[in-house]
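Enquirer: Residue numbers (the working numbering), protein chains in the order written: chain B, 1 to 816; chain D, 817 to 1243. The structure under discussion is supplied below as structure tokens; questions concerning it will follow.
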């Protein structure tokens, strides 16, 4: 659903799964998470009669009214069928519009208006439905309400229907279905001009049509704008209707000025296809929601302002879930060709590292290089990445090694190896000894070309040359193979002395110093899918999972099978901080989690039916501080957190606490400010009022302080505002004079002088021209000083000048 | 079915002349069209836009502007500086009058059809009275520097708008004085090019519509001298403009071959505020669209690619039928080729000469659709240049191939051809 700006454009409300999130526009923070719906939230709209309230609709069949400033659900209206989109109208008293599936028919939807009953309770039934339009599209972008709610437009396929509420007139228009000259007339989205009778529709071939005169069946007319080369994903008019924004898969936001001039502006390189566009009500901001889970906030002059970015949804997470040892961030594929560093605690992207370093071109069917493997060394100083371009015959492979630079706080490319293997690289790991000495650092890659390769760092022999300052680079040290089988996995033991490489059905164990083959294990039939070594007390065990559904544990000392279990394991993930190993099985359309220690044949934790989707990846992320509470059952989660990624790219975690505790309302309280937008003038007036009330209550010196601290910026504001936007001088004058008046307390000249001392420090930096005060004026000051109260009745700027003069005066005295 | 030899005649190099201007008969059903070679054609809307009359061109007569006046009298003016009346019954130029201001760039008839205004090279606008049997010079209006490229009468005949280079003027007809002079290139920054006002229209509500070489169609309030709206319809020049009689639709032609319709549409449904909106683009031409016309039910455009395109407005057509079909007049509607069947000769007619060709022949036979090798190539026998400045109207060759005739507007010529020695003798 489209995001919604609050009326004062300070908060951005966005539907996110079953929740509604409130973001601060200025700080990009998630201020509030409003949960309560049992299913996906499909639409959010501000209550047109109260801008502090928000309606949300969900697939669970309920409409909720929220106070989003406090995060409190006010009311819940149960409609009873799936709600696919939500619209509100200022003119429609106590009713909202929703899209629901038509009863008895599949894939047909209707727009209905729901009367929201006014009842006392919090949970209300809303069963009073009346159908407005039939045969509408399921997407919320395919319906729009026109100027002042006079009509509603719905588009579907090649048909456009307009329903006029007052005249109860329904007009249908349809475009040609035949695709001529690459044209595709199907509608994709619709938007209505806020002040004129004009409908903008986006089409599958990238055209935008502006419809007019559509109240006549025959004499309707439209004009066409065309820039997008592919489907127009969303359209939005500015509040005045002078600009039209459109976005599509090109990830370019296009701004069309009034249609008479063919002028358009672009904001390119937004990173990923634009899914939704929404405008703030004051027109100062607009925001685009992208397909990869990103929100971009854009200024009215089409400048990128900021982006709210959680986990980026990439097309395919090929790299797996990797934890950056330095930041404890989750690392995986981000934007195409980028590596994203995602912070779990703040739900924010820390940064995105461009690995491929090539311009991404949005085109269907174009094969592009993408990141497939990532590995970090134990301290996080080295990062190894593998990118490949999908080619049927021979893949284009590149292995890159990155060094973490402390100065720039980012990774810097150290070595680039073209075609490290002749075929796809299947796995990659560092020997992480956890020590700082560099010579222990070894990288192993396994490839489908039946070898594994060992890469080591070498000192640069060439002292001069271009890369003189770069002292090390990586090169291949050893190539190992086993019976010409494809190498599939590799893994180092905890102390780094042993390397296990799986070759199809066999696991081979190699000595990492001499590179001798020590022993082999296999559990036929079936190829080895995953292998890992046990840790800490269980370091003598090697765990492997096979295609044929066996989980095996071999003892490395006896070289014998310790135990095996019949489980179809897809993911095998050891906890780096304990001896626990998590295994996720996939059986009969459900995923189950087993946590075990290799030395104990019984698993210590079993969670059957973890989720319905297939879990593809898992990772243990170390906690910042060990979790204190938690039952016996969850002891293994004390030090790290287990995360899963499903095939629909949902990131899940296992929580030790019940859901309610997790969702405690955040401590931050949103300050409810007056909904008036802040203008220099309102600032002036507001300050003035506050100051007056304070003057009434307080006495003495404090009053003087308040007065000067508050009035002087106000005056500055006034003086710095261009004259043509200010109200007339006669209107401002009494307020201004009033603000300068001092209530009638007697106060000695010393007090004034004191206060002046304090003030002068502040005024120091804002006026340079006041510094060059002549001697002549200095002499005048004695006269002024005598006047005392009189000075305060002078204008502010004069007063300021006087203060400055006085300061000069004192320094002059002290010098002698 | 008999057997036919099909000849591929690829040696007829006819270059059709482009359409220079169009004129719709006010409240009538006829359309006059002038081509760049000076030929004038009259089409009738009544029966599927048939070509009613053709007046052949003349070497010295280049028509820049056509207009209907006094009912069904057709006048043309051109760079020769003459105003010509066409005799539509005798298909010839009838009477002429000297404009007296150098080459004439534009001509317009007033609403009642009693007066003609011409815009001349020297910047003058002259008024001629249409009198029975001819035209009569009436007076000169205010003369300014710069050739007058286009003219438009106010529907009430009180004012004339005259477009020139960089400016346009509004002239009060009664006093003959320029009442408003507006620079059109004022809003273009840093452009030192001249801005030609190629077409202008003065609407009844006091709006002036100009089409200029910067690709803009602009709407001006001439009394205030302010620009009301500006539509940049093209990156190249807008060359022609025509307004519907109800003044709710405008068609413009550009030098890219595209034509656009602009419509006056209500801003709010049922509201009184209206605005011009560019609506439909049409791309029917490959070259400059030099002339457009707006009939009540169709947009008519003619370009330098010699095509006349009639695009019906679907919303104005009551029922589907012949009227609702897009028409393109690409080929000449006259017989330009005549054949001497026995002598296997072809006569081609060009505007100023004739060509006689002998067809190729073959001795072989083949199946249907087969291409046969030629034993004798087609042969260009005679090129006959016509005498005088007039263009050839029609031509013919006798079946035996010995007689050849052609006619111009005033004369008929007959020639005898001797094929054995290839000689020609005027009879």
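All residues carry an ideal CB built from backbone N, CA and C; glycine is no exception.
Is it right to say residue 296(B) is buried, meaning 16 or more other beta carbons lie within 10 angstroms of its own, or is it exposed?
Expert: With 16 or more other Cβ atoms within 10 Å, it is buried.
Enquirer: Less than 8 Å separating the beta-carbons of residue 190(B) and residue 162(B)?
Expert: Not a contact, by the Cβ cut-off of 8 Å.
Enquirer: Taking three-plus beta-carbon pairs below 8 Å as touching, is the segment 104-123 of chain B in contact with the segment 8-27 of chain B?
Expert: Verdict: no, contact absent.
Enquirer: Report the residue from 228(B), 582(B) and 586(B) whose alpha carbon sits nearest the alpha carbon of residue 602(B).
Expert: Looking at the Cα atoms, 582(B) is the closest of the given residues.
Enquirer: Excluding sequence positions up to five away, which residues of its chain have a Cβ less than 6 Å from the Cβ of residue 761(B)?
Expert: In this prediction, residue 761(B) has a pLDDT of 43, which is less than 50 and means its spatial position is unreliable; nothing more can be read from the coordinates.
Enquirer: For residue 315(B), which option in 270(B), 371(B) and 207(B) has the closest C-alpha, if you only look at C-alpha atoms?
Expert: Checked all of 270(B), 371(B) and 207(B); the closest Cα to residue 315(B) is 371(B).
Enquirer: Terminal residues of the continuous alpha helix (DSSP H) containing residue 734(B)?
Expert: Residues 729-740.
Enquirer: Under 8 Å, Cβ to Cβ, is there at least one residue of chain D near residue 774(B)?
Expert: Note that residue 774(B) scores 36 on pLDDT, short of 50, meaning its location in the model is unreliable; the coordinates nonetheless yield the value given after this. It does not; no Cβ of chain D falls within 8 Å.
Enquirer: State the CB to CB distance for the pair residue 507(B) and residue 490(B), rounded to an integer number of angstroms; the pair is presumed to be in contact (CB under 8 Å).
Expert: Residue 507(B) to residue 490(B), Cβ: 10 Å. No contact.
Enquirer: Rounded to a whole number of angstroms, what is the C-alpha to C-alpha distance between residue 31(B) and residue 5(B)?
Expert: Each residue's Cα considered, the two are about 14 Å apart.
Enquirer: Using a Cβ-Cβ cut-off of 8 Å (strictly less than) and excluding sequence neighbours within five positions of residue 841(D), which residues of its own chain qualify?
Expert: Contacts found: 847, 848, 884 and 888.
Enquirer: Anything in the segment 208-219 of chain B with a Cβ closer than 7 Å to a Cβ of chain D? List those residues in chain order, please.
Expert: Within the segment 208-219 of chain B, the qualifying residues are 212, 213, 215, 218 and 219.
Enquirer: Does the contact criterion of 3 or more C-beta pairs under 8 Å hold for the segment 538-547 of chain B versus the segment 501-517 of chain B?
Expert: Enough Cβ pairs lie closer than 8 Å, so yes.
Enquirer: For residue 28(B), which residues in chain D fall below 7 Å Cβ to Cβ?
Expert: Residues of chain D passing the Cβ test: none, with the nearest at roughly 39 Å.
Enquirer: Got a sec? Which residues, its chain only, sit under 7 Å from residue 1050(D) by beta carbon, not counting five neighbours each side?
Expert: Cβ neighbours of residue 1050(D) beyond the five flanking positions: 1031, 1070, 1072 and 1074.
Enquirer: Determine the chain D residues that contact residue 147(B) at a beta-carbon separation under 8 Å, and present them in chain order.
Expert: Those are 1084, listed as they occur along chain D.
Enquirer: Just reading off the beta strand (DSSP E) that residue 966(D) is part of, what are its end residues?
Expert: From DSSP, the beta strand (DSSP E) with residue 966(D) extends over 966-969.
Enquirer: Tell me whether residue 1144(D) is buried or exposed, calling it buried when 16 or more other Cβ atoms sit within 10 Å of its Cβ.
Expert: Flag for residue 1144(D) reads exposed.
Enquirer: Quick one: which unbroken beta strand (DSSP E) runs of 3-plus residues sit fully inside the segment 539-571 of chain B? Chain order, please.
Expert: DSSP runs (the beta strand (DSSP E)) wholly in the segment 539-571 of chain B: 541-546, 550-555 and 560-566.
Enquirer: Residue 342(B) lies in the beta strand (DSSP E); which residues open and close that run?
Expert: Start and end: 338-343.
Enquirer: Return helix, strand or coil for residue 1038(D), following the three-state DSSP convention.
Expert: Residue 1038(D): coil per DSSP, three-state reduction.
Enquirer: How many angstroms separate the CA atom of residue 1089(D) from the CA atom of residue 212(B)?
Expert: Going by the C-alpha atoms only, they are around 14 Å apart.
Enquirer: Under 8 Å, do residue 938(D) and residue 918(D) count as touching if we go by C-beta distance?
Expert: Result yes, Cβ atoms of residue 938(D) and residue 918(D) sit closer than 8 Å.
Enquirer: Could you please give the first and the last residue of the uninterrupted beta strand (DSSP E) stretch that includes residue 1097(D)?
Expert: 1090-1099 is the span of the beta strand (DSSP E), which, as asked, contains residue 1097(D).
Enquirer: Rounded to whole angstroms, what is the Cα-Cα separation between residue 291(B) and residue 251(B)?
Expert: So the two alpha carbons sit approximately 10 Å from each other.
Enquirer: Measuring alpha carbon to alpha carbon, tell me which of 1130(D), 1083(D), 866(D) and 1211(D) ends up nearest residue 1169(D).
Expert: Cα-wise, what sits closest to residue 1169(D) is 1211(D).
Enquirer: Does residue 23(B) pass the burial test, meaning 16 or more other C-beta atoms within 10 Å, or should it be called exposed?
Expert: The residue in question, residue 23(B), is buried, as its Cβ has 16 or more Cβ neighbours within 10 Å.
Enquirer: Thinking just about the alpha-carbon of each residue, which of 870(D), 982(D), 1173(D) and 954(D) is nearest to the one in residue 943(D)?
Expert: The option with the nearest alpha carbon to residue 943(D) is 954(D).
Enquirer: List, in order along the chain, the chain B residues whose C-beta lies closer than 9 Å to that of residue 1112(D)?
Expert: Near residue 1112(D) there are no residues of chain B at all, since even the closest Cβ is about 14 Å away, more than 9 Å.
Enquirer: Buried or exposed: residue 510(B), going by 16 or more other Cβ atoms within 10 Å of its Cβ?
Expert: Classification of residue 510(B): buried, given that the 10 Å Cβ count is 16 or more.
Enquirer: Quick one: what's residue 223(B) bridged to in DSSP?
Expert: Answer is 210(B).
Enquirer: Short of 8 Å Cβ to Cβ, which residues in the segment 236-250 of chain B face chain D?
Expert: Here the close residues number zero.
Enquirer: So which residues of chain D does residue 60(B) contact, with C-beta pairs closer than 9 Å?
Expert: Within chain D, no residue comes near residue 60(B); the closest Cβ sits about 38 Å away, beyond 9 Å.
Enquirer: At the level of alpha carbons, what is the spacing between residue 530(B) and residue 450(B)?
Expert: Roughly 17 Å between the two C-alpha positions.
Enquirer: For residue 622(B), name the three-state secondary structure that DSSP assigns.
Expert: Strand at residue 622(B).
Enquirer: Return yes when the Cβ of residue 1096(D) is within less than 8 Å of the Cβ of residue 62(B), no when it is not.
Expert: No, Cβ-Cβ distance for residue 62(B) and residue 1096(D) is not below 8 Å.
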